[in-house]
Amino acid sequence: MTNEEILAQYGPRESMEYDVVIVGAGPAGLATAIRLKQLAAEKEQELSVMVLEKGSEPGAHILSGAVMDPRAITELIPDWKEKGAPLNQPVSADEILMLSETGARKTPAALIPNNFHNEGCYVISLGSVVRWLAAQAEELGVEIFPGFAATEVLYDENGAVKGVATGNMGVGKDGEPTGEFQLGMELHAKYTIFAEGARGQLGRQLLAKFNLQEGKAPQSFGIGIKELWEVPPEKAKPGLVVHTAGWPMDKETFGGGFLYHMEDNKVTLGFVVGLDYKNPWLSPFEEMQRWKTHPAIRQHLEGGKRLGYGARAINNGGIPSLPKTVFPGGALVGCNAGYLNASRIKGSHAAIKSGMLVAEALFDALAAGRAQDELTAYPEAFEKSWLYEELKAASNFKPWFKKGQTIGMLMTGIEHWLLPKLGIKTPPWTLKNPAPDHSFLKPAAECAKIDYPKPDGKISFDRLSSVFMSNTNHGEDQPAHLTLKDASVPVQVNLAKFGGPEARYCPAGVYEFVEDESEGGKQRLQINAQNCVHCKTCDIKDPTQNIVWVAPEGGGGPNYMEM
1 MTNEEILAQY GPRESMEYDV VIVGAGPAGL ATAIRLKQLA AEKEQELSVM VLEKGSEPGA
61 HILSGAVMDP RAITELIPDW KEKGAPLNQP VSADEILMLS ETGARKTPAA LIPNNFHNEG
121 CYVISLGSVV RWLAAQAEEL GVEIFPGFAA TEVLYDENGA VKGVATGNMG VGKDGEPTGE
181 FQLGMELHAK YTIFAEGARG QLGRQLLAKF NLQEGKAPQS FGIGIKELWE VPPEKAKPGL
241 VVHTAGWPMD KETFGGGFLY HMEDNKVTLG FVVGLDYKNP WLSPFEEMQR WKTHPAIRQH
301 LEGGKRLGYG ARAINNGGIP SLPKTVFPGG ALVGCNAGYL NASRIKGSHA AIKSGMLVAE
361 ALFDALAAGR AQDELTAYPE AFEKSWLYEE LKAASNFKPW FKKGQTIGML MTGIEHWLLP
421 KLGIKTPPWT LKNPAPDHSF LKPAAECAKI DYPKPDGKIS FDRLSSVFMS NTNHGEDQPA
481 HLTLKDASVP VQVNLAKFGG PEARYCPAGV YEFVEDESEG GKQRLQINAQ NCVHCKTCDI
541 KDPTQNIVWV APEGGGGPNY MEM
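Going by the UniProt record's numbering, the first residue of the sequence shown is number 1, and it counts up by one from there.
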């Protein structure tokens, strides 16, 4: 049954009314909620604010490096330290390594570009910070509903956003309601804020409906694959931040590694690959596993134990790719809009600041009795903020690397080391991403296959054992949330022309080409939706844009701890 048929038989849905509904309990969504409640308390006004979170709890789906710039959280909650925010490990040193296959060249401290300086920042678990922010929000009276996925945008008779609906629960694989069926609920609001993270399902729909990307460069993404390790005490270097460039990436592919020493003998590390890569034989997961075997990285991990694994798409298009962030009845914040600073590999401070900016615009609009209009004060405030200035200076980071690793590194040095020394904050030139990431993939016949080494089970691992460590779980009897517009395309186009890249770009083993015995051994695409870690890579990189990621039942997906 379609959702329309289910509604016709079981509807209407119950509804609840709020002043503001926020989709996503990440740093942007929670900052929005906290700032709204702070302003309401200051003015002694009542304001109902509700946050929907598809994960089993706030932080369950949060994945980030992460080195956090405390500037925004200090503006939001000045006494965060006294209140016990889990920013415990200050950065103690920065290292940048240029890797060859077996060697490593360390960048002299005096030549490290400004964007890689992390003095005053903290090595954190962003999931832990989000859980703490959720507690602060609830203390202020914010209602947080985890385990409920917003799956539909609701519009009023004038076409303005009037809220969202949560997904139906208890629908079987065949699309028919089961004995445990529960109809979704409508959440109506004067304004709805979308804080779903990069490539949000509803955000993507809003971009299309309101033409929010018109006149802007296409958004660009990378996939970040991360692991958490516990290492022997003698190997722990609390606060050490390491970034790498070079091997195993070729000179035409954007990518690099990070390794951060946390407190308690923990090390968080990962690898980012730009999703504009050209060779369909490339596997971001395998590149990350191969990167760990480099002597410069292995030395941090040997004798240690892997504790966690995850993956997530990240924005890196910058200001030229930033869409219009407001529309009648709502706004985009955080990575759902694309505020991440790719040059600094940081997004949490930008997400928090964007949430604060939209909250202030929201409060003024509500105080003036307005509803369902465009919050034009939000983008206006952004353009006057320190966040705009920071992102403007970083606009060219990814576009330079599209011209090759050598040019990318040279221009990063010029824009983030030389120009600041000359007193120039913002480069006098602006580059834009020329095309969507999926369009860069070349036919498989034009590219060299990549021979990845087998995992050793000590430093490098396979996909399935990795997914196990992400604590990913989906109810078995539910429709696949990885949908195809045309079921024939994966074999007839993707496999025939591109060698079936979905089997490699997915870091969780969701997509598999197998022989179909009922069709005489012909290949078919098998979708192992239960493995999905909600990274959104398939939705971005599929060369035919045939795959559409939709939210599964609320509470499903990864359950990241300390990630």
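Just so it is clear, CB atoms sit at the ideal spot from N, CA and C, and this is done for glycine as well.
Straight-line gap, residue i to residue j (C-alpha atoms, nearest Å)
i              : j              : result
tyrosine 10    : tryptophan 281 : 47 Å
glycine 509    : aspartate 69   : 34 Å
glycine 475    : threonine 178  : 13 Å
serine 466     : glutamine 526  : 20 Å
tryptophan 417 : tryptophan 291 : 27 Å
isoleucine 424 : leucine 76     : 29 Å
serine 283     : leucine 154    : 38 Å
arginine 204   : glycine 120    : 35 Å
leucine 419    : glutamate 42   : 42 Å
alanine 487    : alanine 236    : 49 Å
lysine 522     : valine 514     : 8 Å
leucine 441    : leucine 36     : 44 Å
isoleucine 319 : glutamate 519  : 49 Å
proline 27     : serine 348     : 6 Å
valine 21      : tyrosine 191   : 7 Å
methionine 262 : glutamine 182  : 43 Å
glutamine 545  : glutamate 186  : 30 Å
glycine 215    : alanine 361    : 24 Å
serine 220     : lysine 458     : 34 Å
alanine 25     : methionine 16  : 19 Å
aspartate 516  : cysteine 535   : 28 Å
leucine 47     : alanine 377    : 19 Å
lysine 398     : glutamate 152  : 33 Å
isoleucine 6   : glutamate 553  : 16 Å
glycine 555    : glutamate 180  : 15 Å
lysine 421     : proline 328    : 43 Å
Beta-carbon spacing of residue i, residue j below 7 Å
i              : j              : result
glutamate 227  : leucine 269    : yes
threonine 412  : proline 113    : yes
threonine 426  : alanine 393    : yes
alanine 134    : leucine 30     : yes
serine 321     : asparagine 433 : yes
glutamate 230  : lysine 305     : yes
lysine 54      : alanine 359    : no
glycine 355    : threonine 32   : yes
serine 56      : asparagine 471 : no
alanine 195    : valine 326     : no
asparagine 118 : valine 241     : yes
leucine 387    : lysine 353     : yes
valine 49      : valine 164     : no
proline 323    : leucine 202    : no
alanine 350    : asparagine 336 : no
methionine 249 : glycine 257    : no
Whole-number beta carbon distance between residue j and residue i, since they are thought to touch under 8 Å
i            : j              : result
alanine 189  : methionine 409 : So it is not a contact: roughly 46 Å between Cβ atoms.
cysteine 538 : leucine 482    : 7 Å
residue 565  : valine 272     : Residue coverage of the chain in this structure runs from 1 to 563, which leaves residue 565 outside it and unanswerable.
residue 590  : alanine 198    : No statement about residue 590 is possible, as the shown extent of the chain runs from 1 to 563 and does not include it.
glycine 310  : methionine 563 : 5 Å
glycine 184  : asparagine 168 : 5 Å
tyrosine 452 : glutamate 286  : 4 Å
residue 583  : proline 86     : No statement about residue 583 is possible, as the shown extent of the chain runs from 1 to 563 and does not include it.
glutamine 89 : proline 232    : Actually they are not in contact, since the Cβ atoms of glutamine 89 and proline 232 sit about 18 Å apart, beyond 8 Å.
Residue range of the alpha helix (DSSP H) that includes residue i
i                 : result
phenylalanine 285 : 284-292
aspartate 364     : 348-367
threonine 32      : 27-42
isoleucine 407    : 405-413
valine 333        : Where valine 333 is concerned, there is no enclosing alpha helix (DSSP H), given that its DSSP letter is neither H nor E.
lysine 235        : From DSSP, lysine 235 is part of no alpha helix (DSSP H); its letter is neither H nor E.
valine 467        : 463-468
Extent of the continuous beta strand (DSSP E) run through residue i
i                 : result
tyrosine 155      : 150-155
phenylalanine 221 : 221-230
isoleucine 297    : From DSSP, isoleucine 297 is part of no beta strand (DSSP E) but of the alpha helix (DSSP H) over 295-301.
leucine 307       : 305-315
glutamate 75      : Glutamate 75 -> not in any beta strand (DSSP E); alpha helix (DSSP H) instead, spanning 71-76.
aspartate 539     : Careful: aspartate 539 lies outside any beta strand (DSSP E), inside the alpha helix (DSSP H) at 537-541.
tryptophan 549    : 547-549
leucine 133       : That residue, leucine 133, is in no beta strand (DSSP E); its alpha helix (DSSP H) goes 126-139.
Residue i CB to nearest heavy atom of the ligand NAD below 6 Å
i           : result
alanine 137 : This structure lacks the ligand NAD, and indeed carries no ligand of any kind.
Residues that residue i bridges to, as DSSP identifies them
i             : result
serine 15     : Glu186
valine 21     : Met50, Thr192
histidine 438 : Answer is none; histidine 438 lacks a bridge partner.
arginine 105  : Met98
aspartate 516 : Lys522
proline 146   : Glu53
alanine 245   : Met98
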